[in-house]
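First residue of the first sequence? That's 1 in this note's numbering, and the numbers climb one at a time after it.
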Amino acid sequence: MDEYPFKKIEPKWRKWWEDNKIHHVNLDDSTEAKKYIVVMFSYPSEKKLHIGHWWNYGGVDAFSRFIRMRGYNVFEPMGFDAFGLPAENYAIKNNVHPAITTRKSVKYIREQLKDIGAMYDWSREVDTSQPEYYKWTQWLFLQLFKTGAAYRKKAPVNWCTDCKTVLANEQVLGNGTCERCENKVITRDMEQWFFRITDFADNLLKGLDDLDWPEATKSMQRHWIGRSEGTDIDFKVVNHDETIHCFTTRPDTLFGVTYIVLAPEHELVVKITTDKQKAEIDAYVEETHRYSDIERLAADREKTGVFTGAYAVNPANGEELQIWVADYVLKTYGTGAVMAVPAHDQRDFEFTQKYNLSVKWVIGTSDPHGTIETDRAFEEYGIMHESGQFDGMTSEMGIEAVNEWLSSRNAGKSTVRYRLRDWLISRQRYWGAPIPVVHCKKCGLIAVPEDELPVLLPEKNVDFTPRGSSPLGSCKEFIETKCPECGGEARRDPDTMDTFVCSSWYFLRYLSTDSQDQAFNPDRINRWMPVDVYIGGPEHATGHLIYARYIIHYLNSIGLIDCKEPFKKLIHQGIINHKGQRMSKSKGNVVNPDPFVEKFGSDCFRLYLMFMGDFRTGGDWSDDGIIGIRRFQNRIWRLFLAWEHVNSSVGVPACDRIMDVSNDLSNVEPNLKRLLNYTIREVTNDLENFDFNTAISRLMELVNELYKQTADKDNVDPAYMKLALRTLTILIGPLAPHMAEELWHRIGNKDSLFNQKWLSYNKDAIRQEEVTIVIQVNGKLTDRLSVIKGTSEEDLKEAALKSEKVKRRMGDKALKRVIYVPNKIINIVC
RNA sequence: GCCGGAGUGGUGGAAUUGGUAGACGCGCUGGUUUCAGGGACCAGUAUCCCCCGGGGUGUGCGGGUUCGAGUCCCGCCUCCGGCACCA
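Here it is, written out as structure tokens:
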């Protein structure tokens with residue numbers, strides 16, 4: 001039996017596509033409508049593509065090819081997110097320079113990517129670790145710096161005592177230890193670079209409404225931004241000329257405040273602590289620094305705190321309140337100070353229990369007989385009491401009224417706070433884009449002039465093993481420089497940028513890789529942005545996807561680009577597990593795609609992954625099913641071999657006549673006519689919706705049916721077969737591009753299949769003359785009737801009641817009603 | 001604790017969105033082919049009972065709405081993902 005010779009065919013067409021620049025995109029062509037389809041670029045530090053990449057990239061390519069065949073100018077680029085910690089860690093461990101390992105990985109992965117047979121335009125590849133790219137990442141930084149959106153401040157960071165380096169939050173394990181050495185991680189205050197993403201909190205929140213994104217992801221971003229309306233209330237400190245500002249969302253509980261809490265890092269702690277309490281407070285503050293933020297924030301930790309010895313005055317009733325320091329209050333949220341209302345806040349309640357502080361109930365239920373349990377806080381809205389002139393108000397009214405009262409007395413004002421923090425972008429690491437700023441003793445922080453970019457990352461004389469400060473600081477040639485302002489001795493900033501900065505704008509750079517004198521060409525941006533469909537994992541919901549949105553909002557705000565949002569539609573691919581678990585080296589269940597590609601071919605492997613399950617859901621990898629796809633390919637191949645003669649024996653006019661299936665098909669058998677049109681409709685809808693698995697099922701059905709209908713070869717009209725094979729070739733093109741291109745040329749075409757227009761279908765041709773009506777008795781399937789479409793309800797009812805099966809099931813019960821769903825079901829109720 | 005998503009044959013998964021549950025594939029069973037094979041083709045395959053004509057039961061569990069529920073409502077269970085002292 002003839003097997004489909006994928007080994008000969010796949011490399012042949014890959015070369016042909018490349019030689020004929022089939023995948024080259026003209027970015028300046030405005031004659032065709034564009035579609036910009038981007039899949040998150042790959043992270044070469046992982047060294048090799050795994051099955052998940054094939055799942056993702058194969059599906060996205062099928063979609064892109066389909067869109068292209070529908071007549072759009074489609075741009076589907078690919079690149080490398082090549083800076084980052086894994087390459088650096090590998091380098092430290094094996095003493096190989098990260099530049100070398102990264103370049104090697106990129107080269108290897110690029111070849112693997114080419115095996116997928118996707119229509120990437122490789123002339124527009126980006127690599128974030130190349131000076132041609134990071135020059136513009138630095139340029140982007142400078143734009144932010146010039147407008148004050150990039151700034152330095154002292155901030156608590158995670159510090160591993162053993163590795164002697166700063167760690168990202170993701171690198172700290174749940175128990176507060178370092179993921180690499182499992183030693184203790186502490187909090188350390190360090191001067192860091194930040195981007196003012198909080199300035200855009202509200203815009204980022206509002207922008208979500210119009211995005212065609214998964215609701216779950218939008219919801220995650222909303223929570224992450226965490227807008228919350230409340231009030232800043234001023235508490236004067238007794239015997240000090242200081243005021244503590246407390247943010248609360250519940251000013252209606254103001255009369256229930258029994259003490260005040262400051263975060264350990266709060267600047268007033270030192271000022272107001274009494275001499276008597278000083279030793280204890282110092283010890284406590286010191287103690288909190290011994291924990292990482294992650295550890296401190298563990299919700300199940302018992303609350304601790306220390307009294308400062310100082311008091312503050314409640315502006316509502318003049319009561320004096322103890323001021324405490326406790327690490328359950330965070331310096332980084334709100335004002336870093338809290339008015340504690342134990343009766344109506346469970347956290348404060350727990351704290352009071354431990355330290356024997358008083359509880360004052362000021363909110364009750366509206367039900368006069370309703371009692372509130374007193375063993376925990378009552379956090380709901382209710383009716384105010386013990387609250388002076390506000391007694392009897394609902395919480396909603398009270399919040400308004402207290403706000404007005406406070407602001408009229410200059411003791412507070414309503415504000416909006418966000419959970420979102422400014423984006424900490426500096427890293428004390430080597431393998432990243434250097435921050436293009438010079439520190440001059442005389443002039444301060446001075447931006448490197450744009451025409452001096454890039455600030456090259458030195459590849460020699462850098463000791464990148466961690467020792468407690470930025471590796472670049474140890475490189476004399478790099479760090480010592482002249483101040484661009486005064487020309488005096490100065491030092492370069494030794495930090496590098498978070499790789500999320502690199503990946504926050506790469507989709508802009510794809511459009512201008514041919515330009516060395518600008519980050520992006522505004523005309524092209526305005527023509528191609530936003531990205532029409534962006535595909536990537538849901539794990540980026542609150543990281544990359546917020547950062548990229550922020551950068552676009554920012555560039556828009558300073559007038560550099562027109563578009564407001566980077567990604568119009570977002571799709572998350574699912575995750576491929578193996579044996580029910582996520583693939584990982586430690587579990588030893590990683591599946592390497594290469595042997596499967598070698599044994600079954602690229603198309604077969606792509607098809608199998610797409611067929612395995614829903615693109616968005618993911619699935620569990622199994623070696624077993626792929627054989628079914630090979631059989632499917634072989635069946636198609638043999639079908640073409642068996643009918644090869646029709647391509648020469650059927651003349652050109654016949655071919656023209658059947659170019660478009662929606663045209664007159666009067667001479668084609670009704671069954672086939674219907675089948676072809678039906679398959680076009682189904683496959684079209686499925687590809688539009690990323691439902692590759694069902695699209696492939698429909699094509700399998702078509703092939704099965706063609707085998708059945710052509711069992712008797714002599715009775716088949718060759719034109720009919722020619723039409724069927726042509727239709728099949730076009731429909732399978734996006735899914736199995738190599739095979740389809742081969743078949744396309746075999747049936748007599750010279751140009752690429754992917755320059756061919758997609759097929760339209762004829763609705764009328766799908767309509768069936770004969771339909772099967774299901775007869776139910778009390779909703780139970782009882783019998784079937786095959787009738788001509790449009791048979792009247794009366795006739796159907798009569799026929800149904802005559803059925804022996806129906807009679808048997810009805811027994812002697814009387815007919816009550818008949819429900820009729822046209823052309824589908826007749827339900828007899830008795 | 002809070003917010004999402006999902007539970008369907010031996011197995012991967014379908015189901016026009018309230019209308020024939022199990023499409024398509026894997027596996028398995030039987031058969032055909034001068035078939036040495038992990039080849040090709042045909043038929044069967046949710047499950048239980050059975051007088052072989054049928055009958056009962058079935059989409060995580062328990063209720064409900066409806067002529068009719070995998071799909072909608074209420075209450076649970078399990079798994080996965082995210083957030084987690086955010087005042």
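We put the CB at the ideal spot given by N, CA and C, even for glycine.
Predicted, not measured: the structure shown is a model, and the values here were computed from it.
Whole-Å CB distance - residue i paired with residue j, under 8 Å assumed
i	j	result
Leu831	Arg227	Because the chain spans 1 through 830 in this model, residue 831 falls outside it and cannot be assessed.
Val833	Phe235	Only positions 1 to 830 of the chain appear in this structure, which leaves residue 833 out of reach.
Val591	Trp621	5 Å
Glu701	Val416	The pair is not a contact, with the Cβ atoms about 56 Å apart (cut-off 8 Å).
Cys443	Cys483	6 Å
Gln221	Ala541	6 Å
Pro734	Phe66	4 Å
Val269	Thr308	7 Å
Where residue i falls, given that 16 or more other Cβ within 10 Å makes a residue buried
i	result
Arg429	buried
Cys486	exposed
Lys146	exposed
Gln581	exposed
Leu27	buried
Tyr550	buried
Tyr720	buried
Gln633	buried
Residue i in three-state terms, based on DSSP
i	result
Trp505	coil
Val172	strand
Lys15	helix
Tyr534	strand
Ser228	strand
Ala279	helix
Gln768	coil
Asp115	helix
Ile576	strand
Ile92	helix
Contacting residues, own chain, Cβ-Cβ under 7 Å from residue i (five flanking each side not counted)
i	result
Ile225	Ala201, Leu204, Leu205, Tyr418, Arg419, Leu420
Ser786	Glu770, Thr772
Asn677	Val661, Tyr761, Asn762, Ala765, Ile766
Trp193	Ala150, Arg152, Ile425, Ser426, Ile435, Asp495
Phe41	Met78, Gly79, Phe80, Asp81, Tyr506
His266	Lys331, Gly336, Ala337
Gly831	A question about residue 831 goes unanswered here, because the residues of the chain that appear run from 1 up to 830.
Leu743	Phe640, Thr729
Distance between residue j and residue i (C-alpha atoms, nearest Å)
i	j	result
Tyr36	Glu76	7 Å
Asp391	Ile323	27 Å
Phe611	Gly537	19 Å
Asp345	Val533	44 Å
Gly619	Asn73	32 Å
Asp29	Ile629	38 Å
Gly432	Leu570	28 Å
Lys585	His50	12 Å
Pro530	Leu687	22 Å
Thr165	Gly468	5 Å
Asp209	Gly52	30 Å
Arg196	Gln143	12 Å
Ile244	Cys440	37 Å
Glu125	Tyr510	7 Å
Ser803	Val774	12 Å
Cys178	Val306	29 Å
Thr523	Glu539	Per the sequence shown, the amino acid found at residue 523 is Asp instead of Thr. If I take the Cα positions, the gap works out to 32 Å.
Thr102	Ile272	54 Å
Gly84	Asp498	8 Å
Own chain partners of residue i with C-beta closer than 6 Å, once the 5 adjacent residues on each side are dropped
i	result
Leu815	Cys830
Tyr43	Asp81
Ser387	Phe255, Val362
Own chain partners of residue i with C-beta closer than 8 Å, once the 5 adjacent residues on each side are dropped
i	result
Ile747	Phe640, Asn647, Lys722, Leu725, Arg726, Thr729
Ile479	Leu472, Gly473, Arg491, Arg492, Pro494
Lys413	Thr231, Asp232, Asn403, Leu406, Ser407
Lys789	Arg767, Gln768, Glu769, Glu770, Val771, Asn823
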